[in-house]
């Protein structure tokens with residue numbers, strides 16, 4: 141994706157649709173990267189990436205597999221290289237990939253739950269849906 145200076149805020153649901161050779165996105169620490177053009181250059185091969193497309197690969201990048209060490213940790217250079225493919229950020233997460241628990245962002249859709257600039261009572265009926 142060309143660097144336009146714009147920052148996109150995306151949902152995990154949106155990223156999940158970008159899970160094949162034509163559009164390959166991953167999430168690392170709350171940031172979204174389009175690795176479509178990088179897949180064939182990946183030192184471990186494109187096949188290694190394919191099973192993780194559209195998903196959060198933060199732990200894998202740090203060498204963690206299923207919560208324990210055992211994978212391949214990536215170098216600072218790998219993270220620098222990844223930055224060239226930055227698309228935007230995941231809604232409702234901080235820079236470390238942790239959910240922001242302010243309670244006003246739907247973690248699935250990324251939409252604001254309450255609009256504090258509008259009357260509250262009409263909005264209460266749609267809470268919890």
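In the numbering used here, the protein residues as written are 141 to 269.
We put the CB at the ideal spot given by N, CA and C, even for glycine.
For residue 251, no alpha helix (DSSP H) run applies, since DSSP gives it neither H nor E. When DSSP states are grouped into helix, strand and coil, residue 150 belongs to the strand group. Taking a C-beta distance under 8 Å as the contact criterion, residue 200 and residue 165 do not qualify as a contact pair. Remark: C-beta atoms of residue 228 and residue 148 approach each other more closely than 8 Å. DSSP lists 173 as the bridge partner or partners of residue 226. Nearest Cα to residue 181 within the set 205, 152, 159, 221: 221.
Note that the C-beta distance between residue 157 and residue 225 is not below 8 Å. Residue burial is scored here from C-beta neighbours: residue 217 has fewer than 16 other C-beta atoms within 10 angstroms and is therefore classed as exposed.
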